[in-house]
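Participant: Residue numbers (my numbering), protein chains in the order written: chain A, 41 to 217; chain B, 3 to 416.
In this text, a Cβ means the ideal position worked out from N, Cα and C, and glycines have one as well.
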């Protein structure tokens with residue numbers, strides 16, 4: 041084969057098959073692989089050994105940044121750069137800085153969550169090598185696939201093909217990159 | 003899923019005994035303690051604490067029905083058992099109501115027109131009282147208190163009857179009935195809990211103004227019910243009843259509601275403080291001054307209690323509940339629930355006990371013998387409430403087995 045390989049794709053007919061196959065691939069230690077399914081499968085994340093998303097941590101970082109931005113904005117403008125007494129209040133107090141701070145906490149958390157989600161899931165994506173596979177549209181309808189990428193350190197054409205066959209995969213094909 | 007009739011008989015008996023002992027000690031203190039005023043207000047803390055939790059449970063059920071929620075079906079039944087406490091809470095509130103008639107002004111100073119105000123005249127000559135007299139008098143107070151408990155007992159009975167009957171006949175009509183009950187019940191519950199907070203707690207300082215007060219009380223009610231729900235869930239899970247019924251996602255969902263109401267509580271409590279701080283009008287600031295300063299400008303103990311509430315009621319639970327792992331690990335979420343329930347009690351102390359004043363008009367300190375009476379009252383009233391819950395528990399199925407959404411609830415997922 042002239043073109044470099046993206047990886048292997050195997051077809052599965054039923055949901056129980058794909059669960060057990062996913063568990064086998066997970067236990068074999070693969071990291072760069074995925075399941076294509078026409079519907080959400082509850083518990084498949086566990087069968088695939090997926091961890092919880094890191095997006096909440098990105099959100100938290102965004103929130104903390106927003107809170108600190110709000111506090112320092114009010115302190116900088118009112119108590120440092122241009123000292124101004126308003127309404128007989130102190131130059132700086134966390135009391136009146138708080139509304140600004142929590143608004144910015146919410147705003148920055150929202151930004152971090154949305155941006156973090158897109159960075160982590162890699163969307164939008166206009167091309168993916170599996171799209172070249174002529175049967176792939178059945179993955180929107182009635183068939184399940186497992187794709188194991190060639191860049192996975194454990195990937196080995198012969199062994200990985202054998203694993204997918206052992207897992208019950210049919211029509212195991214190599215995908216063009 | 004069987005619930006043998008005697009499975010809660012022993013703990014119910016224990017709760018009743020402990021409750022009666024708590025009430026007996028409180029009653030003895032009321033008769034013998036030199037500072038009887040403190041005992042009465044401590045008892046008010048105890049009664050309003052458990053009433054708040056019961057109101058919260060009522061609200062959770064009403065919100066469940068009005069939103070046609072599915073995940074909470076298996077937990078709703080336990081809140082319905084919790085509502086059994088309302089009639090006993092009414093009985094336990096009666097001593098305060100009777101006290102208001104035989105010794106007006108003892109608990110709520112505005113009931114006694116000859117009550118001398120610190121620094122200026124009496125209640126009867128106080129323009130701020132005279133303007134509010136149509137609202138603040140012992141007749142409206144009595145009638146309103148009867149209306150509060152009447153509505154809560156009435157709503158509870160309707161919700162419980164529909165839900166319990168559905169277990170046997172499986173008629174979907176009961177679900178629609180409860181949706182109707184929720185639609186009329188929510189405004190009733192919102193108004194009654196707001197006025198209850200105003201009459202029972204806020205009117206202790208009748209000079210004060212705050213439009214946030216009912217909302218503050220509502221937030222504590224909701225948080226108390228959610229925490230109570232978590233404790234019941236973990237208890238029934240450990241006992242084996244909830245095995246195969248409750249999964250990780252139920253804890254996640256109730257934990258998310260706890261987080262949401264933590265933020266909500268902080269929002270309203272901060273708004274109340276911030277607006278009063280910013281406007282800086284003496285009619286409003288005096289309420290917080292009583293809780294921060296003595297007349298000579300020194301800091302009093304309530305200032306530190308306020309900080310405990312700020313960090314303990316918001317910062318710590320907020321940070322803890324951000325974590326997914328904390329929300330779904332039963333023994334951790336239980337710990338958070340216990341913590342929040344403790345701080346709700348301190349929050350009520352903060353709102354009620356500074357009404358006790360010395361000869362300078364300063365609030366009596368937080369650390370005093372009154373904390374003991376708060377404890378005996380909370381144990382006393384709590385014992386009766388838990389007994390009422392445990393007594394109701396074996397009368398029905400563990401979960402509403404014929405609720406149309408019970409299947410969705412059993413397979414609740416993210």
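1. Compare the beta carbon distance of residue 88 (chain A) and residue 55 (chain A) with 9 Å and say whether it is the shorter of the two.
2. Verify the CB distance criterion: does residue 282 (chain B) have a CB-CB separation below 9 Å to chain A?
3. If you check the beta carbons only, do residue 355 (chain B) and residue 27 (chain B) fall under 9 Å apart?
4. Determine the chain A residues that contact residue 323 (chain B) at a beta-carbon separation under 7 Å, and present them in chain order.
5. Under a CB-based cut-off of 9 Å, is residue 78 (chain A) close to chain B?
6. Hey, is residue 279 (chain B)'s beta-carbon within less than 9 Å of any beta-carbon in chain A?
7. Taking DSSP as the reference, what is the three-state secondary structure of residue 262 (chain B)?
8. With a CB to CB cut of under 8 Å and the five nearest residues on each side skipped, what residues in its chain are close to residue 255 (chain B)?
9. What residue does the alpha helix (DSSP H) around residue 159 (chain B) start on, and which one ends it?
10. Under DSSP, the alpha helix (DSSP H) around residue 45 (chain A) begins and ends at which residues?
11. State the Cα-Cα distance for the pair residue 89 (chain B) and residue 162 (chain B), rounded to the nearest angstrom.
12. Buried or exposed, going by whether 16 or more other CB atoms sit within 10 Å of the CB of residue 298 (chain B)?
13. Within 10 angstroms of the Cβ of residue 223 (chain B), are there 16 or more other Cβ atoms? Answer buried if so, exposed if not.
14. Taking C-beta to C-beta, are residue 395 (chain B) and residue 66 (chain B) nearer than 9 Å?
15. Here's the rule I'm using: 16 or more other beta-carbon atoms within 10 Å means buried, otherwise exposed. How should residue 7 (chain B) be labelled?
16. With DSSP as the reference, label residue 247 (chain B) as helix, strand or coil.
17. Okay, do the stretch 244-262 of chain B and the stretch 206-222 of chain B touch, 3+ Cβ pairs below 8 Å being the bar?
18. With 16 as the cutoff for other CB atoms within 10 Å, does residue 110 (chain B) come out buried or exposed?
19. Give me the Cα-Cα distance between residue 81 (chain A) and residue 390 (chain B), rounded to the nearest whole angstrom.
20. Does chain B have any CB closer than 9 Å to the CB of residue 127 (chain A)?
21. Could you check what DSSP says for residue 74 (chain A) in three-state terms: helix, strand or coil?
22. Measure the C-alpha to C-alpha separation of residue 65 (chain A) and residue 193 (chain A) and round it to an integer number of angstroms.
23. Confirm, please, whether the CB-CB distance from residue 301 (chain B) to residue 295 (chain B) is below 9 Å.
24. Determine contact between the stretch 334-350 of chain B and the stretch 306-318 of chain B, defined as no fewer than three beta-carbon pairs at a distance below 8 Å.
25. Quick one: Cα of residue 74 (chain A) to Cα of residue 246 (chain B), how far?
26. Taking 9 Å as the threshold (beta carbon to beta carbon), is residue 5 (chain A) in contact with chain B?
27. Quick one: is residue 185 (chain B) buried, meaning 16 or more other Cβ sit within 10 Å of its Cβ, or exposed?
28. Using a Cβ-Cβ cut-off of less than 8 Å, give me the residues of the stretch 310-343 of chain B that come near chain A, in sequence order.
29. In terms of residues, what are the limits of the alpha helix (DSSP H) holding residue 47 (chain B)?
30. For residue 213 (chain A), which three-state DSSP category applies?
31. Pull up the distance between the alpha-carbon of residue 411 (chain B) and that of residue 239 (chain B), whole angstroms please.
32. Select from B:248, B:192, B:43, B:15 the residue whose C-alpha is nearest the C-alpha of residue 102 (chain B).
33. Which residues in chain B have a C-beta closer than 9 Å to the C-beta of residue 82 (chain A)? List them in chain order.
34. Would residue 178 (chain A) count as contacting chain B if we go by Cβ distances under 9 Å?
35. Counting only beta-carbon atoms, is residue 244 (chain B) nearer than 9 Å to chain A?
36. Can you tell me whether residue 86 (chain B) is buried or exposed, with buried defined as 16 or more other CB within 10 angstroms of its CB?
Facilitator: So, from the listed chains and residues:
1. no
2. Chain A contact via Cβ: present.
3. Cβ atoms of residue 355 (chain B) and residue 27 (chain B): not closer than 9 Å.
4. The premise fails here: residue 323 (chain B) is roughly 12 Å from chain A at the closest Cβ pair, so nothing lies under 7 Å.
5. no
6. Residue 279 (chain B) has a beta carbon lying within less than 9 Å of a beta carbon in chain A.
7. helix
8. 73, 74, 414
9. That run of the alpha helix (DSSP H) goes 140-171.
10. Looking at the DSSP string, residue 45 (chain A) is not in any alpha helix (DSSP H); the run it does join, the beta strand (DSSP E), is 45-52.
11. For residue 89 (chain B) and residue 162 (chain B), the gap between their C-alpha atoms comes out near 14 Å.
12. exposed
13. buried
14. no
15. Because residue 7 (chain B) sits at a pLDDT of 48, beneath the cut-off of 50, its placement in the model cannot be relied upon, and the point is left open.
16. coil
17. With a cut-off of 8 Å on Cβ pairs, the stretch 244-262 of chain B is not in contact with the stretch 206-222 of chain B, counting fewer than three such pairs.
18. buried
19. 43 Å
20. yes
21. strand
22. 13 Å
23. yes
24. yes
25. 30 Å
26. Since the displayed chain A opens at 41 and closes at 217, residue 5 (chain A) lies outside it and no answer follows.
27. exposed
28. 324, 326
29. 38-68
30. strand
31. 16 Å
32. B:43
33. Result: 413, 415, 416.
34. At a cut-off of 9 Å between C-beta atoms, residue 178 (chain A) does not count as an interface residue with respect to chain B.
35. Residue 244 (chain B) does not count as touching chain A.
36. By the neighbour-count definition (other C-beta atoms within 10 Å, threshold 16), residue 86 (chain B) is a buried residue.
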